[in-house]
Amino acid sequence: MPSMPQISKNILFCLIFVWFALPTNAQTKQKIIITSSVDQSNQPCYFILPRDYDKDKSQRYPVLMALHTWSSSVEQNNTDWEAEAYKQGWIYVFPHFRGPNNRPQACGSKIAQQDILDALAYAKSTFRTDNQRIYLAGVSGGGHMTMLMVSLHPQYWTAASAWVGISDLSKWHRQHVKTRYGMMMRASCGGPPGANNAVDKQYKERSPIHYLANSTRVPLDIATGIHDGHTGSVPVSHSLEAFNVIAKAARQRLVSTQEMKLLSTPTGRLTTPLESDKIDDEVLGRKIYLRRYAAQSRVTVFEGGHEGIAEAGIDWLARFQTNDQGQNVKADGNNKTHE
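Taking this note's numbering, I'd label the letters of the sequence shown as residues 28 to 366.
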């Protein structure tokens with residue numbers, strides 16, 4: 028992986044140790060205050076080290092950068108992803124990146140993006156990281172930010188997993204004009220879409236849909252529950268349209284408008300599913316209604332709602348490593364796109 032930009036020497040890091048009991052084992056959860064490389068503000072970030080980290084000083088460990096949801100912060104309960112990373116023996120990183128998406132500094136802003144890169148830089152400079160296995164994952168607003176980061180900063184990530192993420196803020200605002208999500212977007216972007224050019228620019232810059240064509244080097248797992256948008260807040264079209272940007276950039280088959288329409292109702296089913304749509308994914312553990320591939324990425328519509336399944340996300344990430352040429356490849360040497 029390419030090295031991170033040098034962080035200014037006057038950046039101070041303050042360690043605060045907080046003890047938690049993880050579902051699998053008691054383990055130290057470190058809350059570290061990182062001074063932002065942009066505005067020098069104090070930004071909290073949690074780290075969890077693998078169980079055997081101190082036993083072998085020559086061992087290096089993969090990194091999971093996990094991102095909190097839309098309305099949450101660094102203090103969010105994220106135990107499923109913590110437990111899976113711990114089980115794998117990975118370094119777990121959970122940054123604040125300006126907290127809930129209700130102000131300009133949050134919601135996919137450039138400064139929030141840099142907070143994530145600052146957290147990664149800290150991990151690399153402080154812990155024994157395996158820089159050929161740097162993973163990124165998030166659910167809902169974390170899925171939104173995951174897609175944005177692999178689009179705007181693809182060089183840092185070995186693979187990524189985005190669950191029920193928002194890909195187009197303007198479109199999502201139309202669906203949530205009267206809800207708190209609409210209020211939060213207006214607070215972040217300076218008003219509703221169409222208010223003026225400056226506001227529209229903010230919606231565009233914070234929406235992965237406009238940049239995902241740049242993400243094709245990163246194996247990206249996009250997943251959504253078919254009931255989301257009905258019992259949840261993010262319609263499946265956000266995931267399918269995000270995938271189509273990647274497929275178009277790779278000159279591969281898109282999910283059709285008719286297929287999207289069929290899957291946009293809770294009981295909708297494809298009338299002519301492809302073989303890949305019929306796969307049984309034991310790790311996911313849910314009925315699959317659509318699974319498609321493009322470049323090194325995939326999209327899945329599964330039986331479920333607005334949720335992320337940590338075990339399935341980790342299973343995807345663990346398949347990839349970055350080789351000495353900076354290419355993200357299958358860890359087992361089999362570079363076929365499909366399982």
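Using N, Cα and C, we set each Cβ at its ideal position, and we do this for glycine too.
**Request:** Determine the direct distance from the alpha carbon of residue 110 to that of residue 50, and round the result to whole angstroms.
**Result:** Confidence is the limiting factor: at residue 50 the pLDDT is only 44, short of 50, which leaves the residue's position unreliable and the question unanswerable from this model.
**Request:** Would you kindly report the start and end of the unbroken beta strand (DSSP E) that includes residue 357?
**Result:** 355 to 357
**With 16 other Cβ atoms within 10 Å as the buried cut-off, status of residue 102** = exposed
**Request:** Label residue 286 either buried or exposed according to how many other C-beta atoms from any shown protein chain fall within 10 Å of its C-beta, with 16 as the threshold for buried.
**Result:** buried
**Item:** Nearest-angstrom Cβ-Cβ length linking residue 124 and residue 148, presumed shorter than 8 Å
**Value:** Their Cβ separation, rounded to whole angstroms, is 14 Å, which puts residue 124 and residue 148 out of contact at 8 Å.
**Asked** When DSSP labels each residue in this structure, what does residue 183 get in the three-state scheme?
**Response** helix
**Request:** Pick out whichever of 213, 90, 265 has its Cα sitting closest to the Cα of residue 132.
**Result:** 213
**Which of helix, strand or coil DSSP assigns to residue 299** = coil
**Asked** Would a C-beta distance cut-off of 8 Å place residue 63 and residue 130 closer than the cut-off?
**Response** no
**Prompt:** Between residue 118 and residue 77, which are expected to be in contact by the criterion C-beta below 8 Å, what is the C-beta distance as a whole number of angstroms?
**Reply:** 7 Å
**Request:** Express the C-alpha separation of residue 206 and residue 339 in angstroms, rounding to a whole number.
**Result:** 31 Å
**Asked** What separation, rounded to the nearest whole angstrom, lies between the Cα atoms of residue 172 and residue 126?
**Response** 12 Å
**Prompt:** What's the gap between the Cα of residue 174 and the Cα of residue 186?
**Reply:** 11 Å
**Cβ-based neighbour list, residue 279, same chain, cut-off 6 Å, excluding 5 preceding and 5 following** = 321
**Asked** When DSSP labels each residue in this structure, what does residue 105 get in the three-state scheme?
**Response** coil
**Prompt:** From residue 268 to residue 237, what distance separates their C-alpha atoms?
**Reply:** 11 Å
**Item:** Per-residue burial, residue 367 [other beta carbons within 10 Å of its own, 16 or more giving buried]
**Value:** The structure shown does not extend to residue 367, since the chain is modelled only from 28 to 366, so the question has no answer here.
**Asked** By a C-beta neighbour count over all protein chains shown, 10 Å radius and 16 as the cutoff for buried, is residue 233 buried or exposed?
**Response** buried
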